[in-house]
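To keep things clear, I will list the structure first and then write my remarks on it.
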Amino acid sequence: MPDRKTRLVTLMLTGLLAGPAFGASKILATSGAGSIEGAAGGGLVPWAVIGGYGSDGEWGAAASLGRVDVDDFRLGTASVLAGVHDRLEVSFAQQTLQVEPLDAVIEQHVYGVKTRVAGHLIYGRLPQLSFGLQHKVNQNPAIATDVLGANSASGTDTYIAASKLYLHALFERDLLLNGTLRYTDANQTGLLGFGNSGGEDPQLVGEASVGLFLNPNWAIGAEYRQKPDRLDAVDEDAWRDVFVAWFPNKRVSVVGAYADLGSIALWDDQQGWYLSVQITN
Amino acid sequence: MTRLITILIATTLLAACSTQPTEPDTTLYNRLGGQAGITTIVDNLLFEIGGNETLIGFFADTDIDRFREKLIEQLCEVSDGPCEYTGDSMAQVHADMDIDNRHFDALVTDLITAMTEAGVPTGAQNDLLARLVPMHDEVIHAEEHLNGDER
Ligand code: HEM
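Sequence lines, in order, name chains A and B.
The opening residue of the first sequence carries number 1 in the UniProt record's numbering; numbering runs sequentially from there.
The opening residue of the second sequence carries number 1 in the UniProt record's numbering; numbering runs sequentially from there.
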């Protein structure tokens, strides 16, 4: 089952675990977690944070494995990212969607860049503002283009994200707020292709995350991701989840969530578990 | 969806319950353990800095006794304790050091460790950090905050 790219990510994961830690000073958990499209974020939503623990003048790297297990689908993601000077993030994700009722597999590659343009997650008044691109190439677009009427097999999302960690904000705890605006022509993040019979049909969608740090190691929260609904043949709903995140140290983070993905292709009411593990240098 | 909402409400309640309400007349100073507690925090912090390659170089020529004394005073004052900070302004102290976020992040990390080792509860830790972090700009861009006569 695991193909070459998944093996590559697994190799990087073990490499990062075994390799020597090099200068990476950012405060615990400010790396964010791994997200389904490879960018540092919450799980479903990319955040403005730059992944890894590299602060000013430092590098950071991370590798993640994630899995969403809902009623009729399983989405596996394997991703790697590098953060440069807490300013620039490049990422790659390989997504594998198993459509269980059809016994079909759809794979997608996501190439991401993100750059912090203003502000900081913790310091100063301004939230951290980042601008990002995600170029997605669906490897098995036949279902999307031939059956569902998608326009193409690849597309590029652009987004801006704003993230701020408010210290001592709620119940004496630190509160993370994130808002992301995405301009996209992807159907179900691209797993069902891009655009529709009318062409690309890009739309602006909003995404949001809240997280509350119970202590430096544990956070709970929720995410919401608005989605376009542009295919005539099938419905697409917003995605949401509630999560628990664990940052035992700067090497490892784990996110567990309960996700509600609504209708996907022919199947309604898709709910289930999300689990993601990230290893950082 | 109802299941989702139930989980959300349950976790929020959990968060609320795990937090002791602060008595209004308890100062942060008391919650840090008063003078003894703050002294322990600062001593723990000096120990952490001593083992931190990112930070130790800055303190090569520092009078550590003075640094320790002034920092204890400052944490006492900032946490509404019965002290007056008698050191130099943050801008004066940190000017021309070329401190960037890497150093600031490293110091925050060491301070969290120092407080945790001293047994300071999470809420009080967050409160102290929330009072210190606004000094970030004065530390990082110290030169811009200096008045003419301080230079
Ligand atoms: C909010 C953050 C900070 C606070 C509240 C703070 C506080 C202080 C205080 C009270 C002093 C003693 C002042 C005096 O002697 O009159 C001091 C000195 C010093 N601080 Fe900071 N500081 C902060 C951030 C930093 C950072 C990020 C560094 C970077 C490594 C740093 C490096 C130093 C050094 C090297 C000295 C000794 C200066 C000397 O030798 O005279 N500080 N700081």
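Ideal placement from N, C-alpha and C gives every residue a C-beta, glycine not left out.
What residue does the beta strand (DSSP E) around residue i start on, and which one ends it?
i         : result
A:Arg-173 : 173 to 184
A:Tyr-274 : 267 to 280
A:Thr-77  : 73 to 84
In terms of DSSP beta bridges, what is residue i paired with?
i         : result
A:His-135 : A:Tyr-111 and A:Thr-156
A:Lys-227 : Paired residues: none, contrary to the question.
A:Asp-241 : A:Glu-223 and A:Ala-259
A:Asp-69  : A:Arg-74 and A:Trp-273
A:Phe-92  : A:Val-80 and A:Tyr-111
A:Lys-164 : A:Leu-177
A:Arg-87  : In DSSP, A:Arg-87 forms no bridge with anything.
A:Leu-170 : A:Arg-173
A:Ser-253 : A:Gln-278
A:Val-105 : A:Gln-98
A:Gln-128 : A:Ser-163
A:Ala-33  : A:Gly-41
A:Arg-116 : A:Ser-130
A:Ile-264 : A:Trp-267
In the DSSP assignment, find the alpha helix (DSSP H) that holds residue i and state where it starts and stops.
i         : result
B:Leu-55  : 53 to 56
B:Ile-64  : 64 to 78
B:Glu-48  : 34 to 50
B:Ala-106 : 101 to 117
B:Glu-143 : 142 to 145
B:Asp-127 : 122 to 132
A:Asn-140 : Premise fails: A:Asn-140 is in no alpha helix (DSSP H) and is neither H nor E.
B:Asn-30  : 28 to 31
B:Ala-91  : 90 to 94
Taking residue i and residue j to be in contact with their CB atoms under 8 Å, please state how far apart those CB atoms are, rounded to whole angstroms.
i         : j         : result
A:Ser-64  : A:Val-49  : Their Cβ separation, rounded to whole angstroms, is 14 Å, which puts A:Ser-64 and A:Val-49 out of contact at 8 Å.
A:Asp-146 : A:Thr-184 : Contact doesn't hold; Cβ gap of about 22 Å is too wide.
A:Ser-55  : A:Leu-121 : That pair is no contact at about 11 Å.
A:Lys-250 : A:Leu-81  : Not really, about 15 Å apart at Cβ, beyond 8 Å.
A:Ala-93  : A:Asn-281 : A:Ala-93 to A:Asn-281, Cβ: 18 Å. No contact.
A:Ser-276 : A:Gly-52  : At roughly 15 Å, the Cβ-Cβ gap does not stay under 8 Å, so A:Ser-276 and A:Gly-52 are not in contact.
A:Val-99  : A:Gln-271 : Contact doesn't hold; Cβ gap of about 16 Å is too wide.
B:His-145 : B:Ala-91  : 4 Å
B:Ala-124 : B:Arg-31  : 4 Å
A:Glu-207 : A:Arg-240 : The Cβ separation is near 10 Å, so there is no contact.
A:Val-90  : A:Thr-180 : Not confirmed; about 18 Å, so no contact.
A:Asp-174 : B:Asn-126 : 6 Å
B:Leu-111 : B:Leu-55  : No, B:Leu-111 and B:Leu-55 are not in contact; Cβ-Cβ is about 11 Å, not under 8 Å.
A:Tyr-274 : A:Val-68  : 5 Å
A:Ser-209 : A:Gly-66  : Their Cβ separation, rounded to whole angstroms, is 16 Å, which puts A:Ser-209 and A:Gly-66 out of contact at 8 Å.
A:Leu-212 : A:Leu-170 : 6 Å
B:Ala-142 : B:Ala-95  : 4 Å
> Using a beta-carbon distance cut-off of less than 7 Å, what residues from the stretch 76 to 93 of chain B approach chain A?
Replying inline: Those would be none; no residue qualifies.
>> Please list, in chain order, the residues of the stretch 123 to 141 of chain A that have any C-beta partner in chain B closer than 7 Å.
In response: For the stretch 123 to 141 of chain A, which is checked against every Cβ of chain B, the residues closer than 7 Å are Tyr-123 and Gly-124.
> Taking Cβ-Cβ distances below 7 Å as the criterion, which residues of the stretch 170 to 195 of chain A are in contact with chain C?
Replying inline: Of the protein chains in the structure, A and B, none is chain C.
>> Against chain B, which members of the stretch 25 to 37 of chain A pass a CB distance test of less than 9 Å?
In response: Ser-25, Lys-26, Ile-27, Leu-28 and Thr-30: these are the residues of the stretch 25 to 37 of chain A whose beta carbon lies less than 9 Å from some beta carbon of chain B, given in chain order.
> Mind pulling the alpha helix (DSSP H) runs of 4 or more residues that sit fully within the stretch 180 to 216 of chain A?
Replying inline: List check, alpha helix (DSSP H) in window: nothing returned.
>> Against chain A, which members of the stretch 29 to 56 of chain B pass a CB distance test of less than 7 Å?
In response: Under the 7 Å Cβ criterion, the stretch 29 to 56 of chain B contributes Thr-54.
>> Under 9 Å, CB to CB, which of the residues in the stretch 99 to 127 of chain B have a partner in chain A?
In response: Taking 9 Å as the cut-off between beta carbons, the residues of the stretch 99 to 127 of chain B near chain A are Asp-100, Asn-101, Arg-102, His-103, Phe-104, Asp-105, Ala-106, Val-108, Thr-109, Ile-112, Thr-116, Pro-121, Thr-122, Gly-123, Ala-124, Gln-125, Asn-126 and Asp-127, in sequence order.
> Using Cβ-Cβ distances below 8 Å, what residues of the stretch 42 to 56 of chain A are close to chain B?
Replying inline: Listed in sequence order: Ser-55 and Asp-56.
>> Could you tell me which whole beta strand (DSSP E) segments of length 3 or greater appear in the stretch 37 to 70 of chain A?
In response: Correct list: 59 to 70.
> Between the stretch 154 to 168 of chain A and chain B, which residues of the former have a C-beta closer than 8 Å to a C-beta of the latter?
Replying inline: So the close ones are Leu-167 and His-168.
> Along the stretch 196 to 212 of chain A, what residues have a CB closer than 7 Å to any CB found in chain B?
Replying inline: For the stretch 196 to 212 of chain A, which is checked against every Cβ of chain B, the residues closer than 7 Å are Leu-212.
>> Under 7 Å, CB to CB, which of the residues in the stretch 215 to 235 of chain A have a partner in chain B?
In response: Across the stretch 215 to 235 of chain A, CB contacts with chain B closer than 7 Å involve Asn-215, Pro-216, Ile-220 and Ala-222, in sequence order along the chain.
>> Short of 8 Å Cβ to Cβ, which residues in the stretch 68 to 94 of chain A face chain B?
In response: Listed in sequence order: Asp-86.
> For the stretch 135 to 148 of chain B, which residues have a CB atom closer than 9 Å to at least one CB atom of chain A, in sequence order?
Replying inline: Per Cβ criterion, the list reads His-136, Asp-137 and Ile-140.
> Name the residues in the stretch 100 to 113 of chain A whose C-beta lies less than 8 Å from a C-beta of chain B; which are they?
Replying inline: If the cut-off is 8 Å between Cβ atoms, the stretch 100 to 113 of chain A has nothing near chain B.
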